[in-house]
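One structure is given here, and the rest of the page talks about it.
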Amino acid sequence: MRILLLAAASAGAALTLGSCATMSEEQCLAANWSGQGYSDGLSGLTMSRLDEHAQACVKHGVAPDAGAYAAGRRQGLVRYCTPDKGFEVGRTGSTYAGVCPSELEADFLYGYRDGEIVHAAEQALSNARSRVDSLGSRLEELDEKIIAKQAEARADGLTEAQREAVRNRIAEIRRERADTERDWRRAQDEIDDAERDVRDVRWRFRDQYGSW
1041 MRILLLAAAS AGAALTLGSC ATMSEEQCLA ANWSGQGYSD GLSGLTMSRL DEHAQACVKH
1101 GVAPDAGAYA AGRRQGLVRY CTPDKGFEVG RTGSTYAGVC PSELEADFLY GYRDGEIVHA
1161 AEQALSNARS RVDSLGSRLE ELDEKIIAKQ AEARADGLTE AQREAVRNRI AEIRRERADT
1221 ERDWRRAQDE IDDAERDVRD VRWRFRDQYG SW
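Heads up: the sequence shown begins at 1041 in our numbering, then just goes up one per residue.
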């Protein structure tokens, strides 16, 4: 088993050259593979994480104890695959990698889907605020353009046709500003709606999952 794991890790080493190793030399040499598996299971990582550990440790002459790692990981998954953890994973927008055993997955997914509802509401609020900020910045830019064009229209040496062209451009910018301001006001309303939705979902799940 040690030879096979070392060979597999060597084959993949070139692909991960320059990437961040999952374990340092000290960690590889002193590895508690059951404990490492438990930690990875508790983080919801797949068994492919063991391959990454093997790639990190092969250059130090260390191969994982796959059996101990798998046993530890199963214990970690028992702590990971709960409704509360599912809610946390879903609420933060993290991805579920399908790691939970069949007998635990339904409970995890119950919390995960509730968490997704909260994440969607919070993301909508974040998007609305970003849109207001973006439109507000655009309004400032348009105001600056209008001021600059007004100064240009007053400049000496322009023909009447040139002044008319500048005035027409000012009118175009003003129309764009009016449209942008309407969009900005709508976005403000979207913030109000999104804030209400966030309050609602937080109240809805507060007793079940606590505060966050």
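Cβ atoms here follow ideal geometry from the backbone N, Cα and C, with glycine treated the same way.
List, from N- to C-terminal side, the alpha helix (DSSP H) runs of 4 residues or more that fit wholly inside the segment 1103-1184.
Every alpha helix (DSSP H) stretch that sits fully inside the segment 1103-1184 and reaches 4 residues is listed by chain position as 1106-1120, 1123-1131.
Please determine if the segment 1077-1085 and the segment 1113-1127 are in contact, where contact requires at least 3 C-beta pairs separated by less than 8 Å.
The segment 1077-1085 vs the segment 1113-1127: in contact.
Would Gln1201 be called buried (16 or more neighbouring beta carbons within 10 Å of its own) or exposed?
With the sequence shown as reference, residue 1201 is identified as Ala, and Gln is not the correct amino acid for it. With fewer than 16 other Cβ atoms within 10 Å, it is exposed.
Look at Gly1151 and Lys1125 and say whether their C-beta atoms are less than 8 Å apart.
For Gly1151 and Lys1125, yes; Cβs fall inside 8 Å.
Any idea what DSSP makes of Gly1075, helix, strand or coil?
Helix.
Below 7 Å CB to CB, which residues in the same chain sit around Arg1207 once its five sequence neighbours on both sides are set aside?
Result list for Arg1207: Ala1193, in chain order.
Indicate whether Arg1131 and Trp1243 have their beta-carbon atoms separated by less than 8 Å.
Their beta carbons are not under 8 Å apart, which means Arg1131 does not touch Trp1243 by this criterion.
Going by DSSP, what residue range makes up the alpha helix (DSSP H) through Asp1091?
For Asp1091, the enclosing alpha helix (DSSP H) begins and ends at 1088-1097.
Give me the Cβ distance between Ala1161 and Thr1086, rounded to the nearest whole Å; I'm assuming they're in contact under 8 Å.
29 Å between Cβ atoms; not a contact.
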